[in-house]
Every structure is written in structure tokens, then in C-alpha cells.
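Residue numbers (our numbering): 259 to 471. Just below is one structure, and these are the notes that go with it.
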């Protein structure tokens, strides 16, 4: 009778042990919040989220206005995980702003985004923007005087705001990470993996994606 009883106990507790292991893994994973707005650049959103998740980072995609589907700059529709209102209740190791001029303007005009970015900066955590999204840094006075890059179309605007401007594909200045556009998405996301995880982790996810950098 003992052996069948042991088998039953294993059936009961093995799934619980697996769930507990998953829970422990999740709470030790670095976390990132991607803020998604109407008019966001879809490549900069999806590639960044995908690469970060491959890199073992717990990513939350939050809709700026709500949790409803968001139409991006080229008509691709993305369903956020949650709303920014809900996501703002948690803290994150990195907050990421995709570009796309329409989306970037929405981020720059949002007081909630400003509050989150200011708290992130005060707490010494990562802020990352790509393409036109650095205009949100200017609007909310984040990283003033630091070295950044952006899409060329907003380059002069960033220089006039007092930022040191670089044309490098990815720029890291302390906890501020910026990049240039859709063609630099993989490098941008990989830089985030390296800083949130490690260079070893970053290097390990490149070959399966067949990336040539």
C-alpha cells in the first residue's frame, strides 16, 4: 500500500514544486516595462520585447491609455499585457520607450510617463529610449546633459535641449540607454540584456537568432 501512496503524493506535489520553481525564477528575473502608445514603431516594440524575453527578462507591455489593442505606426495592432495605470503599481529595473513619431509625442506629452521616468532616474534604474522617443527625455527633463542618440529627425531638437549628441547606433551613459531606429533594434535590445543580465547572457542569445552584428 505504501508504494501507491508515494506515487499519489508525487502526482500531487510535483506540479506544485514546478509552479514554486517558476515563481522563484520569476521573482529573481530582472524586469522591464515597455510603454506602448498609438503610433509607436512596431519593430522597435516587438523586437525589443522579444529579445529581452529571450534574455530572461520579465517584460510587461503597458498601453499608455488603456489595455486595449494599440495601432502602431505602420498599422500593426499590438495587444498590451496591461494598462500603464495598472503597471505603474510595480517597480521595474528598466523602463523602455519605443519610438515612432506619433508614439514618441504621446509619451512626451504624458504626465504619468514623466512621473515614472523621473522616479526611475531618482532610484538609479535604467531608462531606455529608441528612435524619436528621446524627445520624451527632453520633455520630462530626464538625463539632462548626458550623451544620447536618436533618430536623425529629432537630433537637432535633442542638441538644442542641451544633450551631448552621438551618432553611434547605441549609446549608454550610466543608466540611460538610447538608440537610433528600427535598424538598430537588435543592438538596442541586446545592450539592455547585457546591462540587466550579463554579457555572457547577451552573447548566448545571439547565435539562435542568426544575427550578424
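Here a beta-carbon is modelled for each residue, glycine too, at the ideal position from N, C-alpha and C. A quick note: this is a predicted structure, and the numbers were derived from the prediction, not measured.
Candidates the options: closest to residue i by CA position
i, options, result
"residue 471", "458, 455, 459, 448", "448"
"residue 360", "333, 337, 383", "333"
"residue 352", "381, 365, 343", "381"
"residue 324", "388, 294, 402", "294"
"residue 349", "355, 375, 336, 326", "375"
"residue 462", "326, 378, 313", "313"
"residue 399", "371, 432, 423", "371"
"residue 320", "309, 303, 378", "303"
"residue 391", "416, 369, 405, 377", "416"
"residue 429", "315, 450, 301", "450"
Inter-residue Cα distance where the pair is residue i and residue j
i, j, result
"residue 445", "residue 384", "16 Å"
"residue 279", "residue 338", "Confidence is the limiting factor: at residue 279 the pLDDT is only 43, short of 50, which leaves the residue's position unreliable, though a coordinate-based value still follows. Each residue's Cα considered, the two are about 26 Å apart."
"residue 342", "residue 411", "27 Å"
"residue 396", "residue 310", "25 Å"
"residue 436", "residue 404", "11 Å"
"residue 421", "residue 340", "33 Å"
"residue 387", "residue 356", "6 Å"
"residue 367", "residue 458", "38 Å"
"residue 282", "residue 328", "Note that residue 282 scores 45 on pLDDT, short of 50, meaning its location in the model is unreliable and no value can be drawn from it."
"residue 331", "residue 362", "11 Å"
Residue interval of the beta strand (DSSP E) (run including residue i)
i, result
"residue 291", "289 to 294"
Buried or exposed (CB count within 10 angstroms, at least 16 for buried), residue i
i, result
"residue 465", "exposed"
"residue 373", "exposed"
"residue 402", "exposed"
"residue 286", "exposed"
"residue 455", "buried"
"residue 467", "exposed"
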